[in-house]
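Q: Residue numbers (full-length UniProt numbering): 1 to 400. My structure is below; once you've seen it, I'll send some questions.
In structure tokens:
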């Protein structure tokens, strides 16, 4: 069971920013509130402008798709109301593994606590997807396509690159994109004004993109996929009537309602946050996997919460018996790897869980000789990532 939130230290409330209460269109060259944000660089503004221009071009057709889909359900609702609800109540989550080691050797949780900044793959040198964040790499090329070359301009620094997460429209307790990590930061609504979105993962070259005030193409793609598959953001058995009702519910009330894990491994609205993500300014809360309780990782996360003034909440987590690891979902190499990880790193009575996989992932980096029989370290890390996917897909709530 998920706990009630660990209270945050007293802090001054953040002012209502441009990402709240989006009601109309900003000027043609800016997303809503972007012109008021002095922290954005020229490259970040250009990226936002490019995505918004593409979304504006596709918006009329998208609104027609939304209107037809709603009419077919009998829902008496203007499409614009759904668009406004996302702008007013959408919440971005950034999923991450807190125990992975950055390129400088520090665990992610420790770096968050000491630096107070959430960094992109271009800065950390690690990935919970594909490690392709370098000039000319796959991530660099798809960012060039998606953001109109904004980040490939001369002089653009790695620190300017966007940070990736998801739009948690159904408020899954495991975050919008659990494939990328067992824990997540839930961001303040003000961040929406400097965030771009696409339906599906950006490495696939999605056509449906948007900004918070021109989200129609992304919403249309979500609605069309839901109508076709009956699955929405990882949740099976979803129909458009239920979806529209959930989108219109107040986010804070929805987040406080006990909910099953979303398990949205491949079905999500990706979010790209442009500009710095500062823990003291941009984070509503940190949601942590319970397998980290009592560990050094948890101590670092608690220190970050205390230092930067946000609460910690524990979601229900995922657990599997070692002999329950599926051999089909991510391939036959995963069950024997799970058995090895469990034999070498589990404590008495432990199932396979997030922290256990993390112990093995750290060992691959710090003790490469121990894993040499499995081939290149990058391959073993890839298989550990796939073991995590199996755990998210099939795991039951972790009990502590």
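Glycine is no exception: its CB is placed at the ideal position from the N, C-alpha and C atoms.
In the structure shown, what three-state DSSP assignment does residue 22 receive?
A: Its pLDDT being 41, under 50, residue 22 is placed unreliably in this model, and the value from its coordinates should be taken loosely. Three-state DSSP puts residue 22 in coil, outside helix and strand.
Q: Return the CA-CA distance between residue 11 and residue 188, expressed in angstroms with no decimal places.
A: The pLDDT assigned to residue 11 is 48, lower than 50, so where the model puts this residue is not dependable; a value taken from the coordinates is nonetheless given after this. Looking at the two C-alpha atoms, the distance is approximately 14 Å.
Q: Given this structure, state the Cα-to-Cα distance separating residue 104 from residue 88, to the nearest angstrom.
A: Looking at the two C-alpha atoms, the distance is approximately 39 Å.
Q: What three-state label does DSSP hand residue 310 in the structure shown?
A: Coil at residue 310, not helix or strand.
Q: May I have the straight-line CA-CA distance separating residue 334 from residue 371, to the nearest angstrom?
A: The alpha-carbon atoms of residue 334 and residue 371 are separated by roughly 15 Å.
Q: Considering only their Cβ atoms, is the gap separating residue 209 from residue 198 smaller than 8 Å?
A: Closer than 8 Å, so yes.
Q: Which stretch, first to last residue, makes up the beta strand (DSSP E) that contains residue 210?
A: Counting along the chain, the beta strand (DSSP E) containing residue 210 begins and ends at 209-211.
Q: Note down the Cα distance separating residue 186 from residue 336, rounded to an integer number of angstroms.
A: Spanning the two alpha carbons is a distance of roughly 35 Å.
Q: To the nearest angstrom, report how far apart residue 345 and residue 323 are at their CA atoms.
A: Taking the straight line from one Cα to the other gives about 15 Å.
Q: When DSSP labels each residue in this structure, what does residue 303 get in the three-state scheme?
A: Correct three-state label for residue 303: helix.
Q: Pop quiz: residue 179 and residue 389 are said to be a contact at Cβ under 8 Å. What is the actual Cβ separation, rounded to whole angstroms?
A: Confirmed, Cβ separation roughly 6 Å.
Q: Thinking just about the alpha-carbon of each residue, which of 85, 119 and 97 is nearest to the one in residue 317?
A: Residue 317 has its Cα closest to that of 97, out of 85, 119 and 97.
Q: Residue 80 lies in the alpha helix (DSSP H); which residues open and close that run?
A: Residues 79-89.
Q: Kindly examine the ligand ZN and report whether one of its heavy atoms sits closer than 7 Å to the Cβ of residue 290.
A: This structure lacks the ligand ZN; in fact it carries no ligand of any kind.
Q: The alpha helix (DSSP H) with residue 143 in it runs from where to where?
A: Element bounds for residue 143: 138-146.
Q: Buried or exposed: residue 373, going by 16 or more other Cβ atoms within 10 Å of its Cβ?
A: Exposed: under 16 other Cβ atoms inside 10 Å.
Q: Along the chain, where does the beta strand (DSSP E) that runs through residue 197 open and close?
A: Segment 195-199, the beta strand (DSSP E) holding residue 197.
Q: To the nearest angstrom, how far is it from the Cα of residue 51 to the Cα of residue 347?
A: Whole-angstrom Cα-Cα distance: 48 Å.
Q: Measure how close the beta-carbons of residue 168 and residue 93 come, nearest whole angstrom, since I'm counting them as under 8 Å.
A: Confirmed, Cβ separation roughly 5 Å.
Q: Compute the Euclidean distance between the alpha carbons of residue 135 and residue 239, then round it to the nearest angstrom.
A: C-alpha separation (whole angstroms): 42 Å.
Q: Using 8 Å as the Cβ pair cut-off and three pairs as the minimum, do the segment 209-218 and the segment 52-67 touch?
A: The answer is yes - the segment 52-67 touches the segment 209-218, with three or more Cβ pairs under 8 Å.
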